[in-house]
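A short write-up of the structure that comes next.
In my numbering, the protein residues as written are 1085 to 1328.
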């Protein structure tokens, strides 16, 4: 009888599943063992620390998010963005990659400036249609510091406030692992990287020998590099001769 072709694509894992496999890798749990609550608590702490650190690795495709519309207000240059924020209530991005101003379905690109460049700009009291933005990301993402601040230049005048809205593309933070059955905020091809990465972190705490620890670190790096290679966006590339 011919074998059937698999037709399932919903493989998933959970926070505790990641922790349990990481503990097996470091030899702190055997197949079929019940992991104790302390191991779960310590593993969850290490896992969350790990994924927050991984936020600095660039801009993986699945974490790019389009924000907007942000409604402009006459004579208001700065706007808060975040859960519970006054101006745009959504998870605040870690950084911006692209921004544009929309007027009657016509989009105009906005220049993203650094804090230093914005500070050196003159006549911040001038009004008109914004052409520049700079973004100050949130601090420690606590209950009181979950908002970022987007500042536009020039400050919107009455016409701009009535007709313009702001959109931008940003990198959203990875979601926390708070509960046992939380699933990763990562594509499936990151599961090995998560489990081996956590094992690498726990190997120090569980006293794994130097040789085995080096092997775990090497495997963790390999799986992370494999996962990172799949997180970039594909696009067309065109070449044309230069005018001579």
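The beta-carbon is built from N, C-alpha and C at its ideal position, and this holds for glycine as well.
Computed from a predicted structure; not experimentally measured.
Taking residue 1218 as part of the beta strand (DSSP E), name the residues at either end of that continuous run.
Counting from one through the chain shown, the residue named residue 1218 turns up at place 134. Residues 1216-1220.
Just how far apart, CA to CA, sit residue 1111 and residue 1093?
For the purposes of this step, residue 1111 is taken as the residue at position 27 of the chain shown. For the purposes of this step, residue 1093 is taken as the residue at position 9 of the chain shown. Residue 1111 and residue 1093: Cα-Cα distance of roughly 30 Å.
Segments assigned beta strand (DSSP E), at least 3 residues, entirely inside the segment 1137-1221:
Along the length of the segment 1137-1221, whole beta strand (DSSP E) runs at least 3 residues long occupy 1148-1155, 1162-1165, 1179-1187, 1190-1193 and 1216-1220, reported in chain order.
Compute the Euclidean distance between the alpha carbons of residue 1241 and residue 1210, then round it to the nearest angstrom.
Locating residue 1241 in the chain shown gives position 157, counting from the first residue. Locating residue 1210 in the chain shown gives position 126, counting from the first residue. About 9 Å.
Presumed contact (8 Å Cβ cut-off) between residue 1248 and residue 1187, rounded CB distance:
Against the chain shown, residue 1248 aligns to sequence position 164. Against the chain shown, residue 1187 aligns to sequence position 103. Residue 1248 to residue 1187, Cβ: 5 Å. Contact.
Cβ pair residue 1254, residue 1149 closer than 8 Å
Counting from one through the chain shown, the residue named residue 1254 turns up at place 170. Counting from one through the chain shown, the residue named residue 1149 turns up at place 65. Yes.
Measuring CA to CA, which of 1126, 1176 and 1220 is closest to residue 1290?
Taking the first residue of the chain shown as position 1, residue 1290 is located at position 206. Here the closest residue by C-alpha is 1126.
Work out the CA separation of residue 1106 and residue 1114 for me, nearest whole Å.
Working through the chain shown from its first residue, we reach residue 1114 at position 30. Working through the chain shown from its first residue, we reach residue 1106 at position 22. Straight across, the Cα-Cα distance linking residue 1114 with residue 1106 is about 11 Å.
Residue 1174: which of 1299, 1274 and 1252 sits nearest, CA to CA?
For the purposes of this step, residue 1174 is identified with residue 90 of the chain shown, where counting begins at 1. It is 1252 whose Cα lies nearest to the Cα of residue 1174.
Just to confirm my understanding: we take residue 1306, look at its own chain, exclude 5 residues before and 5 after, and list those with CB closer than 6 Å. What are they?
Taking the chain shown and counting its residues from 1, one reaches residue 1306 at position 222. None.
With DSSP run on the structure shown, which of helix, strand or coil describes residue 1117?
In the chain shown, the residue the question calls residue 1117 occupies position 33. DSSP places residue 1117 in coil when its eight states are reduced to three.
If I'm right that residue 1295 touches residue 1280 with Cβ under 8 Å, what's the distance once you round it to whole angstroms?
In the chain shown, counting from the first residue as 1, residue 1295 sits at position 211. In the chain shown, counting from the first residue as 1, residue 1280 sits at position 196. Actually they are not in contact, since the Cβ atoms of residue 1295 and residue 1280 sit about 17 Å apart, beyond 8 Å.
C-beta atoms of residue 1183 and residue 1167 nearer than 8 Å
Looking up residue 1183 in the chain shown gives position 99. Looking up residue 1167 in the chain shown gives position 83. Between residue 1183 and residue 1167, the CB-CB gap reaches or exceeds 8 Å.
Need the endpoints of the alpha helix (DSSP H) that residue 1288 sits in, please.
Numbered from 1 along the chain shown, position 204 holds the residue referred to as residue 1288. Here the alpha helix (DSSP H) through residue 1288 covers 1275-1289.
Roughly how many whole angstroms lie between the Cα atoms of residue 1139 and residue 1180?
If you number the chain shown from 1, residue 1139 lands on position 55. If you number the chain shown from 1, residue 1180 lands on position 96. Cα-Cα distance, rounded: 14 Å.
Per-residue burial, residue 1100 [other beta carbons within 10 Å of its own, 16 or more giving buried]:
As a position in the chain shown, residue 1100 is number 16, starting the count at 1. Residue 1100 counts as buried, since at least 16 other C-beta atoms from the protein chains shown sit within 10 angstroms of its C-beta.
So what does DSSP say about residue 1293, is it helix, strand or coil?
As a position in the chain shown, residue 1293 is number 209, starting the count at 1. The answer is coil: DSSP assigns residue 1293 none of H, G, I, E or B.
Kindly indicate which three-state DSSP category residue 1135 falls into: helix, strand or coil?
As a position in the chain shown, residue 1135 is number 51, starting the count at 1. Residue 1135: helix per DSSP, three-state reduction.
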